[in-house]
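Presented below is the structure to which this report refers.
2 protein chains.
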Amino acid sequence: MAEFEQRDGESRLPFDPATVEADAGLIFIGAIRSPWKERKDCPKNLSQARERGKTAMIEINKPFRPGLDGLKEGNLAHILSWLDRAPRNLIAQRPRHLETARGTFALRSPVRPNPIGLHTVRLISVDIAAGLVEIDAIDLIDGTPVLDLKPYYPTTDSLHDRFDGESA
Amino acid sequence: MAEFEQRDGESRLPFDPATVEADAGLIFIGAIRSPWKERKDCPKNLSQARERGKTAMIEINKPFRPGLDGLKEGNLAHILSWLDRAPRNLIAQRPRHLETARGTFALRSPVRPNPIGLHTVRLISVDIAAGLVEIDAIDLIDGTPVLDLKPYYPTTDSLHDRFDGESA
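Written out as structure tokens, the structure reads:
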């Protein structure tokens, strides 16, 4: 995959998770419709995406649309995506903004053994019949598969307030 | 699966995601070591788990341990788990605490087309060589497979502060 070049200090797994026998199987429930058609145009994270001021759409495949019942305009939600263009075999890597390599699980890079993206967004509108959920912003390329939507609960999903003053 | 009985108002997918051909494959990077050995003992969410005052451990399989480099005591992180005991074919369901059924994507039930759990926790200790990460609490049964760890970033992962006063 030429768009992901290797850099100093990176280390690879002894196998490629993309080609070994899977431990479990995923099904795609829909796809992202995004203003970003190519990787070079895509914001690196949701802060950058929000600065661009463009909404995006989740298209949910027909059998899964009844699963949207109860989601409403203004709700906050997590989206889990499948980052299908990312290599899966780097276990330490050096993003452009870092001086040295770091373990994959200490980074939000799309390159990871299971390339599942986590995106916390605000719902702008929900059309259950059409299977369309408009969201305030997204840091994903158009067409990226979607695995799940979950409601966001401040009491369990936001942790830094709880632990402020306790952290080492 | 006798532990998940069906309730009024629930609706099923026309197929079972557990048995259709997968769109993508997951590999397990490790497993949870938890004080909760059976489903009946397991807290329903992380708030309940924290009230019990017991820590838990993530055991990372050997090839994936270099991926922990950069995670430190006190860090906040997301864990993605694979809820391997949950049925996958309910698209609307009625949890015990609700009067009426609701769409699966408006609930945090483990029963969903792709049963991926999202758990936001605080790291108590990180032993890269042993592949052991102690966490402040967990709402998972002992032995649950782990798919990913990601650092938690307040700027993008905590959204309710940003939208307070704007929500409908």
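Chains as they are written, first to last, in our numbering: chain A, 1 to 168; chain B, 1001 to 1168.
No residue lacks a Cβ here, since even glycine has one placed at the ideal position from N, Cα and C.
Alpha carbon of residue i to alpha carbon of residue j, nearest angstrom
| i | j | result |
| --- | --- | --- |
| Glu-1059 (chain B) | Ser-109 (chain A) | 22 Å |
| Pro-17 (chain A) | Leu-1140 (chain B) | 25 Å |
| Gly-1053 (chain B) | Arg-162 (chain A) | 15 Å |
| Gly-1009 (chain B) | Pro-1095 (chain B) | 11 Å |
| His-1191 (chain B) | Pro-1035 (chain B) | Residue 1191 (chain B) falls outside the range modelled here, since chain B spans only 1001 to 1168, and no answer is possible. |
| Glu-38 (chain A) | Thr-1156 (chain B) | 22 Å |
| Ser-158 (chain A) | Lys-1062 (chain B) | 31 Å |
| Leu-117 (chain A) | Trp-82 (chain A) | Correcting the residue type first, residue 117 (chain A) is Gly in the shown sequence and not Leu. Whole-angstrom Cα-Cα distance: 6 Å. |
| Arg-1085 (chain B) | Ile-79 (chain A) | 22 Å |
| Val-1126 (chain B) | His-1119 (chain B) | 17 Å |
| Asp-41 (chain A) | Asp-142 (chain A) | 11 Å |
| Ile-1032 (chain B) | Thr-19 (chain A) | 25 Å |
| Gly-131 (chain A) | Leu-1068 (chain B) | 38 Å |
| Pro-1151 (chain B) | Met-57 (chain A) | 26 Å |
Of the residues the options, the one placed nearest residue i, counting alpha carbons only
| i | options | result |
| --- | --- | --- |
| Gly-1074 (chain B) | B:Ile-1124, B:Pro-1154, B:Tyr-1153 and B:Glu-1010 | B:Ile-1124 |
| Ala-92 (chain A) | B:Glu-1099, B:Gly-1070 and B:Ala-1018 | B:Gly-1070 |
| Phe-64 (chain A) | A:Pro-154, A:Val-146, A:Tyr-153 and A:Asp-157 | A:Val-146 |
| Val-121 (chain A) | A:Lys-37, A:Asp-8 and A:Ala-77 | A:Ala-77 |
| Pro-1014 (chain B) | B:Asp-1142, B:Pro-1154, B:Leu-1090 and B:Asp-1157 | B:Leu-1090 |
| Gly-103 (chain A) | B:Pro-1066, B:Pro-1113, B:Pro-1087 and B:Lys-1072 | B:Pro-1066 |
| Val-133 (chain A) | B:Leu-1068, B:Pro-1151, B:Val-1020 and B:Phe-1105 | B:Phe-1105 |
| Ser-11 (chain A) | A:Lys-72, A:Glu-21, A:Ala-22 and A:Pro-113 | A:Pro-113 |
| Ile-1128 (chain B) | B:Pro-1087, B:Pro-1154 and B:Lys-1072 | B:Lys-1072 |
Sheet register partners of residue i (DSSP bridge)
| i | result |
| --- | --- |
| Arg-52 (chain A) | According to DSSP, which records beta bridges pairwise, Arg-52 (chain A) is partnered with nothing at all. |
| His-1078 (chain B) | B:Thr-1120 and B:Lys-1150 |
| Asp-1127 (chain B) | B:Leu-1132 |
| Asp-159 (chain A) | The question names Asp, yet the displayed sequence has Leu at residue 159 (chain A). Looking at the DSSP assignment, Leu-159 (chain A) forms no beta bridge with any residue, so it has no partner. |
| Glu-1059 (chain B) | B:Ala-1031 and B:Leu-1132 |
| Ser-11 (chain A) | A:Ala-92 |
| Pro-1145 (chain B) | B:Ala-1031 |
| Arg-102 (chain A) | A:Gln-93 |
| Gly-1025 (chain B) | A:Gly-25 |
- Query: What residues from the region 1117 to 1144 of chain B come within 7 Å of chain A, judged by C-beta to C-beta, listed N to C?
  - Reply: Residues of the region 1117 to 1144 of chain B with a C-beta atom less than 7 Å from some C-beta of chain A are Leu-1118, Thr-1120 and Arg-1122, listed in chain order.
- Query: When Cβ atoms are compared, which residues of the region 32 to 62 of chain A fall closer than 7 Å to chain B?
  - Reply: Asn-45, Leu-46 and Ser-47
- Query: Which residues, taken in chain order from the region 88 to 99 of chain A, show a beta carbon closer than 8 Å to some beta carbon of chain B?
  - Reply: Correct list: Ile-91 and Ala-92.
- Quick one: any contact between the region 19 to 32 of chain A and the region 99 to 113 of chain A, if contact means 3 or more CB pairs under 8 Å? The count of Cβ pairs closer than 8 Å, one atom from the region 19 to 32 of chain A and one from the region 99 to 113 of chain A, stays below three, leaving the stretches out of contact.
- Could you tell me whether the region 1042 to 1055 of chain B touches the region 1125 to 1138 of chain B, using the rule of 3 or more Cβ pairs below 8 Å? Yes: at least three Cβ pairs fall under 8 Å.
- Query: Are the region 1086 to 1106 of chain B and the region 31 to 46 of chain A touching, with three or more C-beta to C-beta distances below 8 Å?
  - Reply: no
- Using a Cβ-Cβ cut-off of less than 8 Å, list which residues of the region 103 to 115 of chain A approach chain B; keep chain order. Gly-103, Thr-104, Phe-105, Ala-106, Leu-107, Arg-108, Arg-112, Pro-113 and Asn-114
- Anything in the region 1010 to 1029 of chain B with a Cβ closer than 7 Å to a Cβ of chain A? List those residues in chain order, please. Ser-1011, Leu-1013, Pro-1014, Pro-1017, Val-1020, Ala-1022, Asp-1023, Ala-1024, Gly-1025, Leu-1026, Ile-1027, Phe-1028 and Ile-1029
- Query: Between the region 63 to 83 of chain A and chain B, which residues of the former have CB atoms less than 7 Å from a CB of the latter, in chain order?
  - Reply: Taking a C-beta cut-off of 7 Å against chain B, the contacting residues of the region 63 to 83 of chain A are Pro-63, Phe-64, Pro-66, Gly-67, Leu-68, Asp-69, Gly-70, Leu-71, Glu-73, Gly-74, Leu-76, His-78, Leu-80 and Trp-82, listed in chain order.
- Message: At a CB distance below 8 Å, what residues from the region 145 to 159 of chain A approach chain B? Give them in sequence order.
- Response: For the region 145 to 159 of chain A, residues whose beta-carbon sits nearer than 8 Å to a beta-carbon of chain B comprise Pro-145, Leu-147, Asp-148, Leu-149, Lys-150, Pro-151, Tyr-152, Tyr-153, Pro-154, Thr-155, Thr-156, Asp-157, Ser-158 and Leu-159.
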